[in-house]
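Below you'll find the structure, written out as structure tokens, and then a few comments.
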Amino acid sequence: MSLQESLRAEARSVPPSGIMAVVEHARGRSGLIPLWVGEGDLPTPDFIREAAAASLAAGHTFYTWQGGIPELRAALASYHEGTFGRSFAPDEFIVTGGGMQAIQLALQAVAGAGDEVVYFSPAWPNMPAALSVAGGTPVPVELDFSEEGWTLDPDRVASALTPRTRALFINTPSNPTGWTADKDTLRALLDLARRHGLWIIADEIYTRYFYAGSRAPSLFDMASDDDRILFANSFSKNWAMTGWRIGWVRLHPALAPVFENLVQYATSGVAEFMQRGAVTALREGEAFIAEQVERARAGRDRICAVLGQTGRVRFAKPDGAFYLFFALDGVADTKRAAIDIVEDTGVGLAPGTAFGPGGERFFRLCFNRRTDQLDEAAERLAKWVVKRRG
């Protein structure tokens, strides 16, 4: 038996990232425009970095609160009050090592070996992979695509439930499709969870990246205090802090001690100087968020206009998040095509095969980038599409 064969089957079976396969192929290429990963091109703004640097200089390098420093939990409560128009308490928030750890802790709390979690596909692959490693079974329910928009049939979700179902995982606005659930859809999903005694893990990381209002509809708009909902979120997108790896879970205060223990046995907490930067992000970052959202809106409109003019690109203009999920006429193998595109044009796209059932014929493009890069990328892609047609 080899070393690898002696590992747990669940660990061995985790597939490599379909996104990283293309990234690795193109690494070091001159003139590359990388639109494949889920981040913009702006570094964390100075006012956040300076707050973290000041904390580091002050010697805040010791073990800290498992659930997060009191100032950050209070700032999260205040931020949520301003965003969702209802009251929150600091003890409803647990600080985590990024949005990914927030999701992992939520999964650990509600599902394990033999349990099922229903999610909506195409989807960011990390959640189903994390559940699989834990011995659970991710159950995809496919979104429906038309050029008028992506939609979800709640009856199809209900049909996917079994006696082993423990939770619904709801990501809206969605990575990669930009699908954004309206309030009626969220109410239907919440009613379904209530009837069946299910947990909901709500990934609302792109709530502020919404182009039909000040924010996307949220389960916060209709949930009761005793609903079984765990909200997973992150500082990564709103405040350009992807590399910081700091996020949070919002939960009922009665659950906080359990989650503090989960943090203790995973990472023992997030570095205090990083949390000090996060406090400043929440308190002073509204203008930066507004600028980022408007920048992404402009990027969306530019890329959709250019690719739409080719007559060979199929997409629904996204209402939320900062991705265009599009198909090219005549292209079935998007992994192979993504490699061809990066070789021929220098534009890096994520193949839809990385995002599970329903995503196979699509590509994901991140449009949260500066204008000149998006214009150049759109021109290169449009020429490639037209040339291929010829």
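Mind the numbering: the sequence shown is residues 0 to 389 in numbering that gives the first Met the number 0, read in order.
All residues carry an ideal CB built from backbone N, CA and C; glycine is no exception.
As the structure is a prediction and not an experimental result, all values here were calculated from the model.
Would you tell me roughly how many angstroms separate the C-alpha atoms of residue i and residue j, rounded to the nearest one?
i	j	result
Ile228	Gly66	18 Å
Ile68	Trp198	27 Å
Leu6	His59	38 Å
Ala50	Asp318	33 Å
Thr150	Ala280	34 Å
His251	Ser86	13 Å
Ser267	Met221	33 Å
Glu283	Pro127	35 Å
Ala420	Pro139	The requested residue 420 is not part of the displayed model; the chain covers only 0 to 389.
Asp152	Leu191	12 Å
Leu327	Asp114	37 Å
Leu75	Gly196	28 Å
Leu55	Ala265	23 Å
Ser1	His24	28 Å
Gly177	Thr171	8 Å
Gly148	Ala304	16 Å
Val269	Leu185	32 Å
Val292	Gly17	27 Å
Ala133	Pro162	19 Å
Ala159	Asp226	21 Å
Glu80	Glu70	15 Å
Gly329	Pro15	26 Å
Would you call the CB atoms of residue i and residue j closer than 8 Å?
i	j	result
Ala166	Val116	yes
Ile102	Ala129	yes
Thr206	Ser223	no
Phe325	Phe361	yes
Leu188	Ile204	no
Pro33	Gly355	no
Ala201	Phe234	no
Trp383	Thr352	no
Gly135	Ala112	yes
Thr63	Glu271	yes
Arg368	Gly39	yes
Phe46	Arg72	no
Ala255	Asp90	yes
Taking the alpha carbon of residue i as the point to measure from, which residue in the options has its own alpha carbon closest?
i	options	result
Tyr208	Lys316, Arg28, Asp339 and Phe321	Phe321
Ala211	Ala187, Met221, Ala180 and Pro175	Ala180
Arg335	Glu359, Phe314 and Ala315	Glu359
Asp374	Gly329, Ala297 and Pro44	Ala297
Pro44	Thr241, Glu9, Glu23 and Glu147	Thr241
Asn232	Phe219, Asp225, Glu91 and Val248	Val248
Ser145	Val341, Ala315 and Arg363	Ala315
Gln308	Ser1, Ala159 and Val385	Val385
Thr164	Lys236, Gly177, Ala110 and Asp154	Ala110
Asp154	Ala253, Gly148 and Leu142	Leu142
Met19	Arg28, Arg214 and Trp35	Trp35
Gly30	Thr370, Gly357, Glu342 and Arg387	Glu342
Ser173	Ala159, Ala133, Arg194 and Ala215	Ala215
Lys182	Leu160, Ala133 and Phe219	Phe219
Ala295	Lys236, Ala255, Val346 and Val257	Lys236
Ala53	Arg275, Val257, Ile340 and Gln263	Arg275
Identify, in the order they occur along the chain, each residue of the same chain with its Cβ nearer than 7 Å to the Cβ of residue i, setting aside the five sequence neighbours on each side.
i	result
Met273	Ala51, Trp243 and Ile245
Leu306	Val312, Phe325, Ala377, Leu380 and Ala381
Met99	Asn125
Thr333	Pro350, Gly351, Thr352, Glu359, Arg360, Phe361 and Phe362
Gly37	Asn174 and Cys365
Ala88	Ala76 and Pro252
Arg11	Gln3
Thr82	Arg214
Ala331	Arg360
Which same chain residues end up closer than 6 Å to residue i when comparing Cβ atoms and leaving out the 5 residues on each side of it in sequence?
i	result
Ala337	Val21, Leu348 and Pro350
Among the residues of its own chain, which have a CB less than 8 Å from the CB of residue i, if the five just before and after it don't count?
i	result
Leu261	Leu104, Gln107 and Ala108
Ile302	Leu323, Leu364, Phe366, Leu373, Ala376 and Ala377
Ser120	Pro139, Val140, Glu141, Leu142, Phe354, Gly355, Pro356, Gly357 and Gly358
Is there a C-beta anywhere in chain C that falls below 8 Å from the one on residue i?
i	result
Ser173	Among the chains in the structure shown there is no chain C, since it carries only a single protein chain.
My assumption, with CB atoms under 8 Å, is that residue i sits in contact with residue j. Please give the rounded CB distance.
i	j	result
Ala277	Pro42	No, Ala277 and Pro42 are not in contact; Cβ-Cβ is about 16 Å, not under 8 Å.
Glu9	Ser131	6 Å
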